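Notes for the one structure printed next.
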Amino acid sequence: MAPAEPPPSGQFAPHDLRDLSQGMSIAALAMLAVFVLAMLASILPGKLLDPAWQLAIVAALVDNAVIPLVALLVLHGAAWMNPDDQFSRGLRDGAARWAVLAALGFLLLVPLQGMVAWRQHSLEHQAQQQALREVDQRFALLRQAVADASSSADLQTRLQHVVGPSFGRIDPRESLPQLKKRLKLILDQNQRQLQKRSASAAARSGGTGAGLLPQPLRLGFSCLAYGVAFAALARRRNSEISLLASCLFAPLGRPGRYLQRQGELGIDPQAAEADGPP
Numbered sequence: 191m192a193p194a195e196p197p198p199s200g201q202f203a204p205h206d207l208r209d210l211s212q213g214m215s216i217a218a219l220a221m222l223a224v225f226v227l228a229m230l231a232s233i234l235p236g237k238l239l240d241p242a243w244q245l246a247i248v249a250a251l252v253d254n255a256v257i258p259l260v261a262l263l264v265l266h267g268a269a270w271m272n273p274d275d276q277f278s279r280g281l282r283d284g285a286a287r288w289a290v291l292a293a294l295g296f297l298l299l300v301p302l303q304g305m306v307a308w309r310q311h312s313l314e315h316q317a318q319q320q321a322l323r324e325v326d327q328r329f330a331l332l333r334q335a336v337a338d339a340s341s342s343a344d345l346q347t348r349l350q351h352v353v354g355p356s357f358g359r360i361d362p363r364e365s366l367p368q369l370k371k372r373l374k375l376i377l378d379q380n381q382r383q384l385q386k387r388s389a390s391a392a393a394r395s396g397g398t399g400a401g402l403l404p405q406p407l408r409l410g411f412s413c414l415a416y417g418v419a420f421a422a423l424a425r426r427r428n429s430e431i432s433l434l435a436s437c438l439f440a441p442l443g444r445p446g447r448y449l450q451r452q453g454e455l456g457i458d459p460q461a462a463e464a465d466g467p468p
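Take the sequence shown: its letters are residues 191 to 468, numbered as in this note's numbering.
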């Protein structure tokens with residue numbers, strides 16, 4: 191028996207295609223494992239009722255979602271490269287069905303993360319307002335202590351009662367009117383500085399984050415983009431076209447399938463030809 195002829199230059203032998211497709215499928219599984227580990231590191235320890243933790247989870251999901259998306263692309267490529275490889279086709283079909291949930295989940299995250307971001311902003315604003323009220327009350331007590339003092343020693347006692355033992359000693363040689371005037375100027379200056387710092391902190395936490403877009407907008411657009419991307423690669427059970435294609439053309443009924451050119455958006459060209467002309 192004559193030996194089998196080698197494949198033409200630039201082409202793979204059948205066993206090479208099988209090995210390559212299975213290797214791609216295993217690599218895709220490894221990428222999914224990396225994604226799961228990255229998400230576990232972000233989730234733990236869990237703080238389910240903390241809006242900051244919830245936003246951090248959404249940010250981690252958006253930052254790492256490209257890993258399962260590329261893994262899904264690799265599985266599609268492995269199944270397309272070697273249609274006879276049942277291992278790759280089975281993984282592709284199962285991953286495509288799970289991608290339906292991923293697409294719907296990302297689309298649901300668009301309004302949900304906006305609500306969480308608004309809740310976190312409200313809590314931060316309330317905390318800042320409470321801190322400002324406490325600062326104003328402290329300065330009001332200090333001004334009242336300065337105004338009610340009848341002597342340098344009385345002023346020393348009153349200020350130590352408000353500030354605490356850390357308050358320094360007042361120079362008894364300075365007259366009480368001059369001392370009160372100087373302390374009022376110091377209190378006014380310190381209060382203005384604290385108000386400026388609080389305003390700057392409020393502006394920093396008001397939503398900007400790094401880059402041109404505030405974090406909630408960046409996360410919202412990213413979730414929308416990932417939802418569309420996973421929908422383009424997702425396929426429901428016993429469906430010939432992708433989830434995105436079915437959403438775009440299903441409302442048009444049977445004629446809507448023929449608005450696509452063969453091979454686009456996940457439609458099977460052989461299935462389209464089998465259906466015949468409209």
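Cβ coordinates follow ideal geometry from the N, Cα and C atoms, glycine included.
These figures come from a predicted structure and were not determined experimentally.
Let me know the secondary structure DSSP gives residue i once reduced to three states.
| i | result |
| --- | --- |
| residue 398 | For residue 398, the predicted structure reports a pLDDT of 46, less than 50, and the residue's modelled location is therefore unreliable. A value from the coordinates is still provided. Residue 398: coil per DSSP, three-state reduction. |
| residue 364 | coil |
| residue 445 | Bear in mind that a pLDDT of 49 at residue 445, under 50, signals an unreliable position, so the model cannot answer this. |
| residue 234 | coil |
| residue 376 | helix |
| residue 406 | helix |
| residue 429 | coil |
Which value, in whole angstroms, describes the spacing of the CA atoms of residue i and residue j?
| i | j | result |
| --- | --- | --- |
| residue 359 | residue 330 | 21 Å |
| residue 409 | residue 350 | 50 Å |
| residue 419 | residue 213 | 24 Å |
| residue 279 | residue 264 | 12 Å |
| residue 414 | residue 374 | 56 Å |
| residue 347 | residue 362 | 13 Å |
| residue 328 | residue 294 | 51 Å |
| residue 300 | residue 411 | 8 Å |
| residue 247 | residue 229 | 8 Å |
| residue 260 | residue 271 | 16 Å |
| residue 417 | residue 321 | 40 Å |
| residue 208 | residue 310 | 51 Å |
| residue 289 | residue 220 | 17 Å |
| residue 284 | residue 297 | 21 Å |
| residue 139 | residue 332 | The displayed coordinates of the chain run from 191 to 468. Any statement about residue 139 would go beyond what the structure contains. |
| residue 316 | residue 323 | 11 Å |
| residue 215 | residue 262 | 9 Å |
How should residue i be labelled, buried or exposed, when 16 other C-beta atoms within 10 angstroms of its C-beta is the threshold for buried?
| i | result |
| --- | --- |
| residue 181 | Summary: the structure shown does not reach residue 181, with the chain confined to residues 191 through 468, and so no result is reported for it. |
| residue 398 | Per-residue confidence for residue 398 stands at a pLDDT of 46, beneath the threshold of 50, marking its modelled position as unreliable; the derived number appears in the next sentence. Residue 398 comes out exposed. |
| residue 305 | exposed |
| residue 225 | buried |
| residue 211 | buried |
| residue 421 | buried |
| residue 383 | exposed |
| residue 468 | Caution is warranted here: a pLDDT of 40 is assigned to residue 468, below 50, making its placement in the model unreliable, and the coordinate value is therefore given only provisionally. Exposed: under 16 other Cβ atoms inside 10 Å. |
| residue 235 | exposed |
| residue 218 | buried |
| residue 387 | exposed |
| residue 431 | buried |
| residue 425 | buried |
| residue 334 | exposed |
| residue 244 | buried |
For chain B, find out if any of its Cβ atoms is closer than 8 Å to the Cβ of residue i; answer yes or no.
| i | result |
| --- | --- |
| residue 308 | Here there is only one protein chain, and chain B is not present. |
The segment 362-375 / the segment 332-342 touching (three or more Cβ pairs under 8 Å):
Flag = yes, the segment 362-375 and the segment 332-342 touch.
In chain order, which continuous runs of the alpha helix (DSSP H) of length 4 or greater are located wholly inside the segment 310-357?
342-353
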